[in-house]
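Each remark here refers to the structure printed beneath this line.
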Amino acid sequence: MSELRYAYYPGCSLHASASEYDLSTREVFAALSIGLDEVPDWICCGATPAHNVDELLSLSLCAKNLELAEQVSGDMAVACAACFSRLKFAQHVLKEDDRKLHQVEQAIDAKVPLERNVKHLLEILVRDLGAKRLGQAVKKPLSGLKVACYYGCLLTRPPEVPQLDDCEAPTIMEQLLHAVGAETVDWTHKMECCGANFTLSRPGVVLQLSNAILDSAKAAGADCIMVGCPLCHGNLDIRQKEIEGVYHRSYDMPIFYLTQLVGLALGVPADRLGLDALIVSPQRLLRERKLL
Amino acid sequence: MKKKKMLLSQETMDIAMVRKVESLSGTSVRRCFQCGKCSAGCPMATFMEHPPNRVVRLLQLGQWQRILAGRSIWYCASCETCSTRCPNKVHLASIMDALRKLSWDHDGPSKESYVQLANKLFLQNIRTYGRQYEMRLAAVFNVKSGQFLKDMMLGPKLLTKGKLKVFHQKNKNMAEIEKIFSRIEEMRRKGEAL
Ligand code: SF4
Ligand code: SF4
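Chains U and X, in that order, are what the protein sequence lines are.
So for the first sequence, this note's numbering puts the first residue at 333; every next one is plus one.
So for the second sequence, this note's numbering puts the first residue at 520; every next one is plus one.
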């Protein structure tokens with residue numbers, strides 16, 4: 333296998349509420365012999381709050397991270413869909429707008445690496461490594477597991493920024509899962525918003541939107557949902573019990589990070605994938621499918 | 520429900536401000552022909568008194584204050600669906616950002632103080648620690664918004680799952696981060712920045 337090596341930007345959530353995403357990412361990359369060097373002293377990308385009220389700050393925080401990433405080689409590997417979107421947005425805007433670029437360079441007192449490739453983990457696994465090579469590394473195919481792939485908003489929108497896949501009907505997650513032997517379902521809500529960062533200021537909105545997503549996945553016959561974003565994960569997993577209570581439903585729908593499912597297929601031991609950190613326990617489902 | 524007529528007057532028309540929104544967002548409101556596709560796909564439209572297409576219409580008519588006085592911009596989740604689907608490439612999500620910045624700069628007249636508060640605390644965290652620590656963010660938010668018991672049931676569960684970090688360190692490059700914030704403030708004082 334040729335050498336694949338990336339500059340890893342975990343982002344804040346992966347060092348806290350989404351630590352299982354971080355753990356499973358490192359395990360999967362190690363199992364596939366893909367190098368991962370963490371960007372030294374990376375800072376918060378500013379996420380939604382920064383671009384919501386202060387674009388210049390948002391652009392500058394992202395530019396600073398791109399600059400910090402110059403200390404390690406390889407394309408940037410980003411796990412969080414929101415960080416991924418912000419970093420790509422910053423490059424996109426700064427390439428088009430000289431005035432903003434000038435102000436950002438003044439703010440960070442450095443040139444902004446506009447051409448550095450920023451990639452989401454999905455791109456790395458499905459395109460750089462390739463579905464075929466991923467398939468060859470599978471030790472325990474996820475056969476019989478029916479997964480609803482949830483893209484959410486920021487992996488694909490707006491089309492000119494992430495350029496990850498089609499903005500209305502993406503299939504990159506499905507490709508990933510087919511490579512590791514799982515089944516995927518067709519469903520209505522794979523691109524709908526979960527309420528994202530309103531989880532703090534307006535939980536009621538999140539409950540309503542996330543309920544619609546869980547409901548759609550259940551109706552399509554999915555056993556579980558796969559995500560690539562800690563915010564989506566928090567809303568669908570951490571708040572699921574609350575949603576069930578408010579809407580008098582029973583979902584019991586495990587929400588996996590993509591690296592947890594891939595890790596299982598690659599034969600990474602379950603305790604190295606942070607499965608016990610999930611609030612909706614996947615134990616019963618995985619036992620039934622003989623995956624644990 | 521009785522429908523209130525929306526009255527527009529020339530007195531409240533302020534095109535200069537609308538030009539500012541256009542310049543901040545890098546998009547032109549004049550392109551919009553009111554097809555309504557943005558609002559049809561907006562997950563938040565049901566929570567807004569002015570759905571996205573009307574926000575653009577109000578801007579075309581210079582009525583930006585009417586938008587800022589309402590809650591629509593603070594209910595936008597930045598999901599980018601509107602920008603993705605607009606046939607005229609009106610980048611509505613960026614317009615929402617620009618309007619929020621205007622409102623933020625004027626510190627009102629928004630009614631949506633919770634979202635403002637959450638944003639403010641989030642940015643303060645970056646300035647103080649370099650990274651986001653969710654536990655601190657949530658705790659301070661609840662205290663400041665007076666909702667001491669909000670999500671209290673979630674707390675212990677998240678702690679035992681290792682999802683909340685109680686102890687955290689500051690980044691080593693805090694001085695550089697502080698400089699980014701202060702340089703931006705400096706540029707703004709001199710009127711050289713957005
Ligand atoms: S989709 Fe575009 S053209 Fe249609 S109403 Fe919305 S902003 Fe206007
Ligand atoms: S970005 Fe905001 S206004 Fe646009 S569709 Fe999403 S929530 Fe609605």
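From the three backbone atoms N, C-alpha and C, an ideal C-beta is built for every residue, glycine too.
Could you tell me if residue i is buried or exposed, where buried requires 16 or more neighbouring beta carbons within 10 angstroms of its beta carbon?
i: T531 (chain U); result: buried
i: L446 (chain U); result: exposed
i: A511 (chain U); result: buried
i: P628 (chain X); result: At P628 (chain X), the pLDDT of 46 sits below 50, so the modelled position is not reliable and the matter cannot be decided from this model.
i: K620 (chain X); result: buried
i: C554 (chain X); result: exposed
i: L623 (chain U); result: buried
i: R431 (chain U); result: exposed
i: P516 (chain U); result: The question names Pro, but residue 516 (chain U) is Thr in the sequence shown. Buried, because 16 or more other Cβ atoms sit within 10 Å of the Cβ of T516 (chain U).
i: Q468 (chain U); result: exposed
i: I696 (chain X); result: buried
i: E506 (chain U); result: buried
i: N607 (chain X); result: exposed
i: D569 (chain U); result: buried
i: I534 (chain X); result: exposed
i: H434 (chain U); result: exposed
i: H569 (chain X); result: buried
i: R616 (chain U); result: exposed
i: A348 (chain U); result: buried
i: G566 (chain U); result: buried
i: S417 (chain U); result: buried
i: E335 (chain U); result: exposed
i: A382 (chain U); result: buried
Please state if the CB of residue j and the CB of residue i are separated by a distance shorter than 9 Å.
i: C394 (chain U); j: P342 (chain U); result: no
i: L625 (chain U); j: L590 (chain U); result: With chain U covering only 333 through 624, there is no way to say anything about residue 625 (chain U).
i: C600 (chain X); j: C485 (chain U); result: Note that residue 600 (chain X) corresponds to Thr in the displayed sequence, not to Cys. Taking 9 Å as the Cβ cut-off, T600 (chain X) and C485 (chain U) qualify as a contacting pair.
i: C415 (chain U); j: G649 (chain X); result: no
i: I575 (chain U); j: L546 (chain U); result: yes
i: V360 (chain U); j: L598 (chain U); result: yes
i: D460 (chain U); j: S405 (chain U); result: no
i: V493 (chain U); j: H424 (chain U); result: yes
i: V371 (chain U); j: K420 (chain U); result: no
i: Q632 (chain U); j: M693 (chain X); result: This structure cannot settle anything about residue 632 (chain U), because the visible part of chain U is limited to 333 through 624.
i: R489 (chain U); j: L539 (chain U); result: no
Using CA coordinates, which residue listed in the options is at the minimum distance from residue i?
i: V479 (chain U); options: U:K443, U:G378, U:W519; result: U:W519
i: R590 (chain X); options: X:A694, X:I703, X:L580, X:Y633; result: X:Y633
i: L578 (chain X); options: X:L642, X:F700, X:A617; result: X:A617
i: M563 (chain X); options: U:L391, U:V537, U:Q615; result: U:V537
i: V578 (chain U); options: U:A549, U:P535, U:L355; result: U:P535
i: L713 (chain X); options: U:L596, U:H347, U:A363, U:L388; result: U:L388
i: P601 (chain U); options: U:A528, U:K472, U:A514; result: U:K472
i: L543 (chain X); options: X:L640, X:M615, X:Y652; result: X:M615
i: L636 (chain X); options: U:L487, U:N529, U:H565, U:A348; result: U:N529
i: Y482 (chain U); options: U:I587, U:E428, U:A382; result: U:I587
i: E428 (chain U); options: X:E530, X:G710, X:T546, X:K709; result: X:T546
i: T531 (chain X); options: X:I586, X:V575, X:V540, X:R573; result: X:I586
i: A397 (chain U); options: U:T380, U:L605, U:A442; result: The amino acid occupying residue 397 (chain U) in the given sequence is Asn; Ala does not appear at that position. Per the Cα distances, U:A442.
i: A362 (chain U); options: U:L466, U:N543, U:M523, U:I557; result: U:L466
Which residue comes first and which comes last in the alpha helix (DSSP H) that contains residue i?
i: Y579 (chain U); result: 572 to 579
i: V537 (chain U); result: 535 to 551
i: L508 (chain U); result: 504 to 511
i: Y482 (chain U); result: Neither: Y482 (chain U) is in no alpha helix (DSSP H) and is coded neither H nor E.
i: K420 (chain U); result: 413 to 428
i: M532 (chain X); result: Counting along the chain, M532 (chain X) falls outside any alpha helix (DSSP H), and DSSP gives it neither H nor E.
i: F700 (chain X); result: 693 to 708
i: E399 (chain U); result: 387 to 400
Tell me which residue opens and which closes the beta strand (DSSP E) that residue i is part of.
i: L368 (chain U); result: 366 to 370
i: M408 (chain U); result: 407 to 410
i: L487 (chain U); result: Where L487 (chain U) is concerned, there is no enclosing beta strand (DSSP E), given that its DSSP letter is neither H nor E.
i: C556 (chain U); result: 556 to 559
i: A559 (chain X); result: Careful: A559 (chain X) lies outside any beta strand (DSSP E), inside the alpha helix (DSSP H) at 556 to 560.
i: A339 (chain U); result: 336 to 341
i: K451 (chain U); result: 450 to 452
i: I587 (chain U); result: 587 to 589
Would you grab the beta carbon distance between residue i and residue j for me? Rounded to a whole angstrom, and I think it's under 8 Å.
i: W583 (chain X); j: V537 (chain X); result: 6 Å
i: P562 (chain U); j: Y353 (chain U); result: 6 Å
i: A612 (chain X); j: S597 (chain X); result: 6 Å
i: A339 (chain U); j: A401 (chain U); result: 5 Å
i: C557 (chain X); j: C605 (chain X); result: 6 Å
i: R646 (chain X); j: V609 (chain X); result: Not really, about 33 Å apart at Cβ, beyond 8 Å.
i: L426 (chain U); j: V444 (chain U); result: 6 Å
i: A514 (chain U); j: L454 (chain U); result: So it is not a contact: roughly 15 Å between Cβ atoms.
Listing by chain order, which chain A residues have their CB less than 7 Å from the CB of residue i?
i: C499 (chain U); result: In the structure shown, chain A does not exist; the protein chains are U and X.
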